[in-house]
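Peer 1: Questions regarding the structure given below will be posed in turn.
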Amino acid sequence: MKLRHSTSLLAALVVGLAIQNAAHAAPTPAAAREIAHLLTYLEKSGCQFYRSGTWHDAPAARAHLDMKFKYMTQRDMVQTTEDFIVNAATSSSMTGGTYMVRCAGAEAQPSADWLRAELVRYRKANPSESMAPAR
């Protein structure tokens with residue numbers, strides 16, 4: 092009877108550790124490619140990026156998001172491209188303010204929407220390189 096209880100406890104512990112390790116994994120190679128694409132797309136977009144009460148040019152926006160991505164990657168906080176968008180590219184971790192993107196001839200929109208739209212386009216154009224089907 093004790094052996095059965097110990098075996099069940101050990102099995103639960105192993106499953107718990109496996110789940111914990113899966114939740115704290117580094118970005119997959121496909122996610123890393125997609126994130127690199129989004130950062131480059133932003134940098135070359137010519138758009139402006141709003142954060143912490145100020146508009147910034149696209150290269151400065153890319154540098155800021157790249158810094159946040161590296162910080163989060165070192166702490167195993169980004170596993171998927173969607174994690175990057177939600178955790179690094181949506182709002183300020185200091186003020187909580189929403190990041191916005193404003194491109195010529197268009198109204199400002201939340202950066203998350205802008206990045207997700209490009210991610211969908213990228214995945215459709217590069218199905219063999221992407222980690223998830225386009226939605």
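Each residue of the sequence shown is one higher than the last, beginning at 92 in this note's numbering. Beta carbons are placed, not taken as given, at the ideal position from N, Cα and C, and that holds for glycine. None of these values were measured; they are calculated from a predicted model.
Using alpha carbons as the reference points, say which of ALA149, ARG166 and MET185 lies closest to SER202.
Peer 2: ALA149
Peer 1: Check for me: the alpha helix (DSSP H) holding TYR132 runs from which residue to which?
Peer 2: 120-135
Peer 1: Do ARG207 and TRP146 count as a contact pair if the criterion is CB distance below 9 angstroms?
Peer 2: no
Peer 1: Residues in its own chain within less than 8 angstroms of SER182 by CB, not counting five upstream and five downstream?
Peer 2: GLY188, THR189 and TYR190
Peer 1: Check this for me: beta carbons of TYR213 and GLU125, under 9 angstroms apart or not?
Peer 2: Closer than 9 angstroms, so yes.
Peer 1: Return the chain-ordered list of same chain residues with a C-beta closer than 6 angstroms to the C-beta of GLN139, the five sequence neighbours on each side being excluded.
Peer 2: TRP146 and ARG193
Peer 1: Going by the DSSP bridge assignment, what does ASP174 pair with across the sheet?
Peer 2: Looking at the DSSP assignment, ASP174 forms no beta bridge with any residue, so it has no partner.
Peer 1: Starting from the C-beta of ASP174, find all residues in its chain whose C-beta is less than 6 angstroms away, skip the five residues before and the five after it, and write them out in chain order.
Peer 2: None.
Peer 1: Please state whether the Cβ-Cβ distance between SER136 and LYS159 is less than 9 angstroms.
Peer 2: no
Peer 1: Can you check which of these residues, ASN178, ARG166, THR164 and ALA127, is closest to ARG153 by C-alpha distance?
Peer 2: ALA127
Peer 1: Can you tell me where the beta strand (DSSP E) with THR145 in it begins and where it stops?
Peer 2: 145-148
Peer 1: Three-state secondary structure (DSSP) at MET163?
Peer 2: helix
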